[in-house]
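Enquirer: Okay, handing you the structure first.
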Amino acid sequence: MALRAVRNRQARAAAVSPYAHPAAAPTVIRPLCSSSNASSAVSSARGGTKCADTATFPLQKKFGQHLLKNPGILDKLLAAANITSSDVVLEIGPGGCCLDRIMLSFLSVSSFLFVGTGNLTVRLLPLARRVIAMDIDSRMVAEVQRRCQSLGFSNLEIVHGDALRQDLGSFDVCAANLPYQISSPFLFKLLAHKHAFRCAVLMFQEEFGERLLAQPGEPRYCRLAANVHLFAKVTRVCKVDRNSFRPPPKVDSVIVKITPRKEILPVDFREWNGLLRICFTRKRKTLRSIFKKPSVLSMLEQNHKVVSAFKGAAPVNGSQFRDLCFEAIQEAGVSDRRSVSISTAEFYKLLLEFHRRSIFFQNAADLELNKEDTKEGISAGVEELFWGEGEAEMSEDSEDEHSEHLNKRAGTTGKRKERKV
Numbered sequence: 384m385a386l387r388a389v390r391n392r393q394a395r396a397a398a399v400s401p402y403a404h405p406a407a408a409p410t411v412i413r414p415l416c417s418s419s420n421a422s423s424a425v426s427s428a429r430g431g432t433k434c435a436d437t438a439t440f441p442l443q444k445k446f447g448q449h450l451l452k453n454p455g456i457l458d459k460l461l462a463a464a465n466i467t468s469s470d471v472v473l474e475i476g477p478g479g480c481c482l483d484r485i486m487l488s489f490l491s492v493s494s495f496l497f498v499g500t501g502n503l504t505v506r507l508l509p510l511a512r513r514v515i516a517m518d519i520d521s522r523m524v525a526e527v528q529r530r531c532q533s534l535g536f537s538n539l540e541i542v543h544g545d546a547l548r549q550d551l552g553s554f555d556v557c558a559a560n561l562p563y564q565i566s567s568p569f570l571f572k573l574l575a576h577k578h579a580f581r582c583a584v585l586m587f588q589e590e591f592g593e594r595l596l597a598q599p600g601e602p603r604y605c606r607l608a609a610n611v612h613l614f615a616k617v618t619r620v621c622k623v624d625r626n627s628f629r630p631p632p633k634v635d636s637v638i639v640k641i642t643p644r645k646e647i648l649p650v651d652f653r654e655w656n657g658l659l660r661i662c663f664t665r666k667r668k669t670l671r672s673i674f675k676k677p678s679v680l681s682m683l684e685q686n687h688k689v690v691s692a693f694k695g696a697a698p699v700n701g702s703q704f705r706d707l708c709f710e711a712i713q714e715a716g717v718s719d720r721r722s723v724s725i726s727t728a729e730f731y732k733l734l735l736e737f738h739r740r741s742i743f744f745q746n747a748a749d750l751e752l753n754k755e756d757t758k759e760g761i762s763a764g765v766e767e768l769f770w771g772e773g774e775a776e777m778s779e780d781s782e783d784e785h786s787e788h789l790n791k792r793a794g795t796t797g798k799r800k801e802r803k804v
């Protein structure tokens with residue numbers, strides 16, 4: 384009977400825990416007492432007066448709610464953003480957890496609310512002309528609004544919604560501590576945004592951030608990095624230890640600054656990414672070896688025939704088409720190079736060499752050959768493409784899956800090789 388009682392208690396504990404640890408109590412936010420100004424709340428804490436909780440609610444794992452408790456991290460983020468009094472700032476995910484009350488005695492009025500629900504928001508409001516704070520969690524929205532109103536700020540606009548589906552509007556700076564699971568789709572939504580912005584300072588999972596920062600020739604350089612570098616310059620702000628959050632995630636984080644390029648190479652992103660998908664299929668092989676693959680040649684040859692017919696020209700077939708591809712690679716000067724060593728400018732030159740020979744990488748039915756390149760045309764397909772692909776990049780282990788994808792597009796059939804484990 385005693386054993387059964389213990390098991391029942393463990394089952395009840397697991398049922399209420401948002402992280403499903405069998406004997407753990409749920410992580411909750413306990414907001415500080417509402418007050419007319421921040422200094423009175425700090426004075427109460429220093430004097431030992433208890434603050435009455437106005438709400439308690441569990442953090443939700445599905446929203447990636449690992450909440451920052453280190454105010455020094457926000458100092459570095461704000462310094463990198465360099466916000467001015469004329470800026471409109473977009474903040475994604477303003478929710479946060481409160482500091483333990485015992486810590487308040489060590490903090491000044493300027494920082495005690497900054498590491499709490501609305502932590503970054505309260506730091507942004509005195510600096511910017513207007514702050515637009517967007518959060519998917521209605522509880523966080525209500526708490527941020529309550530706290531900011533209690534401090535007398537009137538330049539805050541709160542949007543309750545999913546940042547991946549909402550129109551982001553017009554802004555100068557974007558600041559966000561993003562849930563890891565939306566890192567890639569939000570980043571490419573930002574890069575495809577139709578309104579120009581000065582910079583974005585974002586916190587990512589360290590592995591993802593390091594891939595963004597990687598340069599040609601470095602081990603982490605990948606298709607993700609090459610795609611992002613087409614649109615923006617990425618610089619490191621600081622590393623964030625996992626213990627700077629509550630609850631701590633399993634990995635460390637990194638803050639990076641994304642600065643959009645003033646001049647973007649005039650290329651349709653769907654074409655650009657089509658080229659990179661092939662090149663990074665086996666990123667440690669030379670491009671000449673990659674473009675020997677029958678599945679790659681078959682897909683490109685089919686597109687070449689459609690484009691040639693559209694232009695009223697005779698297509699090149701068979702081995703002659705393969706030689707045409709090799710000629711393009713040779714002319715670009717990357718025939719014996721590996722994808723991990725090729726820069727954005729070199730990929731662009733390679734794409735132009737293919738286009739001069741009427742070789743295209745997206746489905747020929749989608750090509751708009753008579754359309755002049757515009758900013759909208761360049762970024763077309765960015766957001767939609769990465770909704771489907773997420774953060775994944777092509778690796779050597781996924782070669783067979785990519786080959787099957789090319790076979791389907793080329794209208795050919797092919798059996799997937801059985802991979803040995």
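Everything in the sequence shown is counted per my numbering, starting at 384 for the first residue and increasing by one. C-beta atoms are modelled at their ideal positions from N, C-alpha and C, and glycine is treated no differently.
1) Name the two residues that bound the continuous alpha helix (DSSP H) containing residue 737.
2) Just to check my reading of the structure: residue 580 and residue 545 have Cβ atoms closer than 8 Å, yes? What is that Cβ distance to the nearest angstrom?
3) Would you mind working out which of 461, 740, 701 sits nearest residue 713, comparing C-alpha positions?
4) Check whether the region 510 to 528 and the region 457 to 469 touch, using three or more Cβ-Cβ pairs below 8 Å as the test.
5) Starting from residue 587 and walking both ways along the alpha helix (DSSP H), at which residues does that stretch end?
6) Residue 641 and residue 585 - do their beta-carbons sit closer together than 9 Å?
7) Which residues does DSSP pair with residue 517 in a beta bridge?
8) Measure from the alpha carbon of residue 506 to the alpha carbon of each residue in 523, 522, 520, 531, then state which is nearest.
9) Could you check what DSSP says for residue 662 in three-state terms: helix, strand or coil?
10) Do residue 552 and residue 523 have their C-beta atoms within less than 9 Å of each other?
11) Check whether the Cβ atoms of residue 637 and residue 593 sit closer than 9 Å, and answer yes or no.
12) Can you give, in chain order, each stretch of the alpha helix (DSSP H) that sits fully within the region 580 to 639 and has at least 4 residues?
13) Can you list, in chain order, the residues of its chain whose CB lies under 6 Å from that of residue 518, leaving out five sequence neighbours each side?
14) State buried or exposed for residue 672, treating a residue as buried only when at least 16 other CB atoms are found within 10 Å of its CB.
15) When the Cα of residue 678 is compared with those of 533, 705, 589, which residue comes out closest?
16) Roughly how far, in whole angstroms, is the beta-carbon of residue 674 from the beta-carbon of residue 606, given that I think they are within contact range, below 8 Å?
17) Would you mind reading off the limits of the alpha helix (DSSP H) that contains residue 686?
18) Rounded to a whole number of angstroms, what is the C-alpha to C-alpha distance between residue 547 and residue 611?
Expert: Checking against the coordinates, here is how it stands:
1) For the purposes of this step, residue 737 is taken as the residue at position 354 of the sequence shown. Residues 727 to 739.
2) Numbered from its first residue, the sequence shown carries residue 580 at position 197. Numbered from its first residue, the sequence shown carries residue 545 at position 162. Going by Cβ atoms, the distance from residue 580 to residue 545 rounds to 20 Å, so no, they are not a contact pair.
3) Here residue 713 is taken as the residue at index 330 of the sequence shown, counted from 1. Put simply, of 461, 740, 701 the residue whose alpha carbon is nearest the alpha carbon of residue 713 is 740.
4) A contact exists between the region 510 to 528 and the region 457 to 469.
5) If you number the sequence shown from 1, residue 587 lands on position 204. From DSSP, residue 587 is part of no alpha helix (DSSP H) but of the beta strand (DSSP E) over 582 to 588.
6) Reading the sequence shown from its first residue, position 202 is the one you call residue 585. Reading the sequence shown from its first residue, position 258 is the one you call residue 641. Contact: yes.
7) By one-based count along the sequence shown, residue 517 stands at place 134. Note: residue 517 sits in a beta bridge opposite 475, 542.
8) The residue labelled residue 506 in the question sits at position 123 within the sequence shown. Here the closest residue by C-alpha is 531.
9) As a working note, residue 662 is residue 279 in the sequence shown. In this structure, residue 662 counts as helix in the three-state DSSP scheme.
10) The residue given as residue 552 occupies position 169 in the sequence shown. The residue given as residue 523 occupies position 140 in the sequence shown. Not closer than 9 Å, so no.
11) Stepping through the sequence shown from its first residue, residue 637 is reached at position 254. Stepping through the sequence shown from its first residue, residue 593 is reached at position 210. It is a contact, given that the beta carbons lie within the stated cut-off.
12) 589 to 596, 606 to 614
13) In the sequence shown, the residue the question calls residue 518 occupies position 135. Excluding residues within five positions, the ones whose Cβ falls inside 6 Å are 476, 477, 478, 524.
14) As a working note, residue 672 is residue 289 in the sequence shown. Exposed, because fewer than 16 other Cβ atoms sit within 10 Å of the Cβ of residue 672.
15) Here residue 678 refers to the residue found at position 295 when the sequence shown is read from its first residue. Out of 533, 705, 589, 705 has the C-alpha closest to the C-alpha of residue 678.
16) Translated into the one-based positions of the sequence shown, residue 674 becomes position 291. Translated into the one-based positions of the sequence shown, residue 606 becomes position 223. Wrong, their Cβ atoms sit about 16 Å apart, outside the cutoff.
17) As a working mapping, residue 686 is identified with position 303 in the sequence shown. Segment 677 to 694, the alpha helix (DSSP H) holding residue 686.
18) Counted from its first residue, the sequence shown places residue 547 at position 164. Counted from its first residue, the sequence shown places residue 611 at position 228. For the pair residue 547 and residue 611, the Cα-to-Cα distance works out to about 18 Å.
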